[in-house]
Structures are given as C-alpha cells and as structure tokens.
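Everything below concerns the one structure shown next.
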Ligand SMILES: NC(=O)c1ccc[n+]([C@@H]2O[C@H](COP(=O)([O-])OP(=O)(O)OC[C@H]3O[C@@H](n4cnc5c(N)ncnc54)[C@H](OP(=O)(O)O)[C@@H]3O)[C@@H](O)[C@H]2O)c1
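In my numbering, the protein residues as written are -7 to 317.
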C-alpha cells in the first residue's frame, strides 16, 4: 500500500466544509491541516472535522510535510495561494474560477509547468459519474456531431454583503456560476471564438445576471447565469443526430435523457458519492500516486478556454474588475 497523500486546505467556509465532509470517501489520502485568515475559524473547522493540524500562517503550511493543497477561498485569492504552493513544490487543486482572468491564470499555469508540479482547477462537474458516461456516449457518436450547448446556473445569493457581490474579490454571476456553463460549452465545443454578452450590473458594480451567446471552435452555445434569480438547472447538449437533456442541477448530474433524431429516448442515470466533490479529489489523489503531472479530464487548455469565455463576455459588455488595469 503506498503512503497516503497528505492534504491541507486553505479556507474554512462553505465549500471547505463540503470538501472536508466528502474526504471520508477518498482513498489513499489524508487531510492533515487547515489554514484560514482567522485562526479561530481554522480551530473550529479542525475540531469539527477532527483534523490534526491548524496552521498559524501560510509559511507554516508550506513548511509542513504535505503533498497537496485544496484552495477554498474567494476567487482573487486562488492565484496568490496557488503560486506560493506551486513554488514550494506542493500540488494544487484550486476551486473555480482558478483565477479572475486569463493573464492571472497563465501566470499560475506557467509556474506549474516550470516547477513540474500538478495543478488542476476543481471543476467538479467534469468528474461526476453521469457526466463521464455522457462524454463516453458522445465520443461514440450517440447524438452525431455535437454542435450546441444550452446551459445556465441561476440562484438567489441573497445578501449583497457576501463576497460574490464584491468587485474587489472578482464577484459577479459570471465568475461565480457562469464558469460552470463555460466549462460545459468549452469541454464539448472547444475554445471560444466570439462571445456576445448582456449583463445586468447591480448596485455593488458586479454582474448580477448574464446572458451569453458564444461561438466556439465546433459549435455555438447559449449560456446564462444569475445571483438574483432561480432556474430548474437543466442543460441541453445538441448534436446532428439527437440531443441530451441533463435534468435538474446539471452541474451535479444524476439523470439525463438521450433523445435520438428518430424520437427514441433513453434514460441515463448514475448517482454520485457523498456530496459529489470526492470524485475530483480522488482523481487528483490518483494522479499524484501515479506520478502524473497533468489531468487529461480538466486540462490547462480547458481551464484557459473557460476563463477566456468569461473574459470575452466582460470585454464585450465593457466590465472590468477594479484591480484590472
Ligand atoms: N465547487 C463548488 O461546488 C463550489 C461551491 C461554492 C463555492 N465554490 C468556490 O469556492 C470558493 C469559496 O467559496 P465559499 O462559498 O466557500 O466562500 P465562503 O463560505 O465565504 O468561504 C471563504 C473562505 O475563504 C477565507 N477567506 C480568505 N480570504 C478572504 C477574503 N478576502 N474574504 C472572505 N473570505 C476570505 C474565509 O476564511 P477567513 O476569513 O478565516 O480567511 C473563508 O473560510 C469560491 O471561489 C467559490 O467560487 C465552489
């Protein structure tokens, strides 16, 4: 039995708790410590999930005997911590979006290349069993040539005090949730070539609703996102010989319908384990055990295409973050 991969996490909020809860389902790994700006929050988190370590500083984390870090902080912090961990030779699984824009992401990816350290954006949807099954069916030509995606993610984020409404922290529906739909479009249709965007800007200066029309290498996509609305969460993947409807919250997929051009329909079902985050964590852990430097499921090219789609949307609508010169 190889020694377990020792993981630490940075951030102790909502997704950090979901990650830690799901860790029980990951084989060949142990979660050994947590870092948060507020040490009291880290202590509470460590007690809640029975973690042995609380780091008083980033330096203390970097000096520990760990092989992997999961970044669970607001978007703008991701590249900062990724660069520090990669320079220290520690593999990084970064929450989405991996960085607020393409130049900031490129800095991280270039550092991962230069240091030869594993890095991956935690786009969980890519790793769900049903999505893997859909990808296999699409590769077999189940709906012919895939050429259209219609997907969105809209939810009511509530109080505008939350960091998703803070432009200094790269808030807005695009980076918070349109990144999921950008993943689906880029994974199935390739990199974006043209993006037209209508954005509704709220009182804090971030986009609270977005509707995007995108041309990709191999087709077109119609995407939407919102922090002040809701939707049923379905996604449609169109092809020359049929289509697939992923039902419910397509980003946590469980059930889909494959409809052929002749009208016959097939129900696709596959459950996920725990809260669903363990699938990406297992993949990342397995890559480390195998000594592999890159994920072929969530590649650097795919991460680049995803954030490029959102950069192009913001450029089209004339929206910049205050920290972008
Ligand atoms: N994959 C998914 O399903 C999913 C779901 C939700 C969110 N996310 C992503 O996960 C990231 C974190 O989101 P979250 O919902 O977990 O947020 P959250 O609940 O607000 O937690 C943020 C964490 O980051 C720390 N932090 C560090 N710098 C901060 C700053 N400048 N402002 C506020 N907090 C800061 C906070 O602890 P301290 O104050 O102690 O530092 C806190 O533990 C986001 O990038 C988001 O896109 C992913």
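C-beta: ideal position from N, C-alpha, C; glycine also.
Proximity winner among the options, relative to residue i (alpha-carbon distances)
i: residue 254; options: 150, 267, 135, 296; result: 135
i: residue 225; options: 30, 241, 219; result: 241
i: residue 29; options: 22, 49, 298; result: 49
i: residue 174; options: 207, 155, 24; result: 207
i: residue 235; options: 252, 297, 245; result: 252
i: residue 158; options: 231, 266, 199, 238; result: 199
i: residue 154; options: 220, -1, 120, 98; result: 220
i: residue -2; options: 15, 6, 24; result: 24
i: residue 122; options: 244, 96, 35; result: 244
i: residue 276; options: 19, 13, 6; result: 19
i: residue 120; options: 281, 298, 271, 296; result: 271
i: residue 283; options: 108, 227, 186, 263; result: 108
i: residue 292; options: -5, 94, 314; result: 94
i: residue 64; options: 182, 172, 2; result: 2
i: residue 68; options: 138, 100, 82, 231; result: 100
i: residue 47; options: 62, 98, 31, -7; result: 31
i: residue 287; options: 138, 27, 273; result: 273
i: residue 298; options: 183, 150, 116, 312; result: 183
i: residue 261; options: 152, 248, 228; result: 248
i: residue 179; options: 56, 72, 26, 229; result: 229
i: residue 246; options: -5, 21, 125, 142; result: 125
i: residue 152; options: 117, 193, 16; result: 193
i: residue 202; options: 196, 168, 13, 211; result: 168
i: residue 10; options: 268, 316, 315; result: 268
i: residue 171; options: 150, 196, 143; result: 143
i: residue 259; options: 238, 279, 266; result: 238
i: residue 315; options: 309, 162, 217; result: 162
i: residue 117; options: 265, 133, 310, 27; result: 265
i: residue 66; options: 290, 164, 217; result: 164
i: residue 53; options: 76, 35, 41, 42; result: 76
i: residue 348; options: 222, 71, 41, 227; result: With the chain covering -7 to 317 only, the question about residue 348 has no answer from this structure.
i: residue 51; options: 309, 307, 26; result: 26
i: residue 149; options: 300, 106, 185, 217; result: 217
i: residue 211; options: 195, 187, 263; result: 187
i: residue 156; options: 45, 17, 317, 89; result: 89
Per-residue DSSP class, three states only, for residue i
i: residue 120; result: coil
i: residue 275; result: helix
i: residue 186; result: strand
i: residue 312; result: coil
i: residue 36; result: helix
i: residue 63; result: strand
i: residue 126; result: helix
i: residue 56; result: coil
i: residue 49; result: coil
i: residue 156; result: helix
i: residue 174; result: helix
i: residue 145; result: strand
i: residue 214; result: strand
i: residue 41; result: coil
i: residue 207; result: strand
i: residue 292; result: helix
i: residue 140; result: strand
i: residue 317; result: coil
i: residue 105; result: helix
i: residue -7; result: coil
i: residue 132; result: coil
i: residue 99; result: helix
Residue i - partner residues in DSSP beta bridges
i: residue 350; result: In the structure as shown, the chain starts at -7 and stops at 317, and residue 350 therefore has no counterpart that could be examined.
i: residue 259; result: 249
i: residue -2; result: 22
i: residue 192; result: 201
i: residue 113; result: 86
i: residue 27; result: 2
i: residue 235; result: 230, 251
i: residue 220; result: 148
Anticipated Cβ contact below 8 Å, residue i with residue j, distance rounded
i: residue 4; j: residue 39; result: About 11 Å; that fails the 8 Å criterion.
i: residue 84; j: residue 74; result: 5 Å
i: residue 8; j: residue 37; result: 7 Å
i: residue 305; j: residue 204; result: 5 Å
i: residue 176; j: residue 302; result: Residue 176 to residue 302, Cβ: 13 Å. No contact.
i: residue 78; j: residue 60; result: 12 Å between Cβ atoms; not a contact.
i: residue 295; j: residue 97; result: 6 Å
i: residue 209; j: residue 250; result: 24 Å between Cβ atoms; not a contact.
i: residue 232; j: residue 87; result: Contact flag wrong, Cβ pair sits at about 36 Å.
i: residue 189; j: residue 141; result: Not quite, the Cβ-Cβ distance comes to about 16 Å (not below 8 Å), so this is no contact.
i: residue 146; j: residue 58; result: About 37 Å separates the two Cβ atoms, so there is no contact after all.
i: residue 12; j: residue -4; result: Going by Cβ atoms, the distance from residue 12 to residue -4 rounds to 15 Å, so no, they are not a contact pair.
i: residue 311; j: residue 191; result: 6 Å
i: residue -6; j: residue 281; result: 6 Å
Closer than 8 Å to chain B by CB, residue i
i: residue 300; result: Protein chain content of the structure displayed is limited to a single chain, and chain B is not contained in it.
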